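Working notes, structure below.
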Amino acid sequence: MTSGFDGKVAFVTGAARGQGRAHCVALARAGADIVAQDLARPLPGVPYDSPTSADLDETVKLVEAEGRRIVVEQGDVRDLDHLKGLAQRGVDELGRIDVVVANAGICIPAPWNEITPDILRDTLDINVVGVWNTVMATASHMAAGGGGSIILISSYAGKKVQPFMVPYATSKHAVTGMTRAFAAELGPLGIRVNSIHPGGVNTPMGSGDMQVRLAAAGETNPRLNNMGTPFLDTYAAEPEQISDAVLFLASAASSFVTAEHLSVDGGAQYF
């Protein structure tokens, strides 16, 4: 079944699994063809399991099962030339780019005094520079096609402090500001730019040693542990619930919405 995305093309980073895969499948189910990107190899320093090429292959299968076309490449969002090349390939093979979802990101929890320069640098390079690269690689194609919707995936941590994640919170606040700045300058080109701010989401980012690292960090300042508790009984969203917000911001239903920051966190930002 399609719902307003027939003939549209969506460009999604971090597409191998989790939220990125869910966004690809949801957009494909709604009628869009997909340009998908992921590093799909080990990420040094992260405490959770890294995505693999097999994960990315599964995303391809799921999109194709919806009857849509997909252009896919492994690569690093820190590499602007890679993203530019993929965007051009997407336009060459699929005709256009209408929707961009800058989803790729990493999270490495640690108390403030255990953060290393490498953790800070890698987090900012992927979560901030990678998002900037994604917009820079795609915006001109969107403008040439008459406009579209760019959706930057920030976080609850981009609105309120998420404890024991100084680099992550810094990066996601930067994405919030980047949303407003790009929205202001790309508006005359018919491009809307908004951000989505998930709280906890059930994805592989919670795998491996992630929970152990979070618990250890929490022991250094226990009174911060309850920050960001949702008002709803369910602690974490499913990836598809974030995709619902992506579909809204990508669709004509949000045609006069730009520079907005949409939370999907169960109220966690207010706790």
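Going by the working numbering, 97 is the number at position 69 of the sequence shown; the sequence numbering is gapless.
Ideal Cβ positions, reconstructed from N, Cα and C, are used throughout, including at glycine.
All values reported here derive from a predicted model rather than from experimental measurement.
Item to check | Phe284 - DSSP class collapsed to helix/strand/coil | outcome: Three-state result, Phe284: coil.
Checklist entry - If you draw a straight line from the alpha carbon of Arg220 to that of Phe192, how long is it in whole angstroms? => result Rounded to whole angstroms, Arg220 to Phe192 spans 33 Å at the Cα level.
Item to check | Cβ distance (whole Å) where Ala56 is taken to contact Glu268 below 8 Å | outcome: 13 Å between Cβ atoms; not a contact.
Next on the checklist: For Pro226, count the other beta carbons within 10 Å of its own beta carbon; 16 or more makes it buried, fewer makes it exposed. Which is it?
Outcome noted: By the 10 Å Cβ count, Pro226 comes out buried.
Checklist entry - Among residues of its own chain, excluding the 5 on either side of Tyr298, which ones have a beta-carbon nearer than 6 Å to its beta-carbon? => result Here the set comprises nothing.
Next on the checklist: Closer than 8 Å is the cut-off here; do at least three beta carbon pairs connect the stretch 173–187 with the stretch 197–207?
Outcome noted: As far as the Cβ criterion goes, the stretch 173–187 touches the stretch 197–207, which means the pair count is three or higher.
Item to check | Simplified DSSP state of Gln65, which is helix, strand or coil | outcome: Of the three classes helix, strand and coil, the one that applies to Gln65 here is strand, per DSSP.
Item to check | Exposure of Thr262, with buried meaning 16 or more beta-carbon neighbours within 10 Å | outcome: Sixteen is the threshold: since fewer than 16 other Cβ atoms of the shown chains lie within 10 Å of the Cβ of Thr262, the residue is exposed.
Next on the checklist: Extract the residue ranges of the beta strand (DSSP E) inside the stretch 118–185, only unbroken runs of 3 or more that lie entirely within it.
Outcome noted: Correct list: 127–130, 176–181.
Checklist entry - Is the Cβ-Cβ distance between Ala68 and Cys52 less than 8 Å? => result No; because the gap between Cβ atoms is not below 8 Å, this pair is not in contact.
Checklist entry - So is Pro137 buried or exposed if we call it buried at 16+ other beta carbons inside 10 Å? => result The C-beta of Pro137 has 16 or more other C-beta atoms within 10 Å across all chains shown, which makes the residue buried.
Next on the checklist: I believe Ser78 touches Gln102 by the beta-carbon criterion, under 8 Å. Please report the beta-carbon distance rounded to the nearest angstrom.
Outcome noted: So it is not a contact: roughly 12 Å between Cβ atoms.
Checklist entry - Using a Cβ-Cβ cut-off of 7 Å (strictly less than) and excluding sequence neighbours within five positions of Asp293, which residues of its own chain qualify? => result Contacts found: Tyr184, His225, Pro226, Gly227, Pro258.
Next on the checklist: So, with DSSP's three-state summary, where would you put Arg220?
Outcome noted: Three-state DSSP puts Arg220 in a strand.
Item to check | Neighbourhood of Met29 by C-beta distance below 6 Å, restricted to the same chain and skipping five residues each side | outcome: Bear in mind that a pLDDT of 41 at Met29, under 50, signals an unreliable position, so the model cannot answer this.
Checklist entry - Gln190 to Gly59, Cα distance in whole Å? => result Straight-line spacing of the CA atoms in Gln190 and Gly59 works out to 36 Å.
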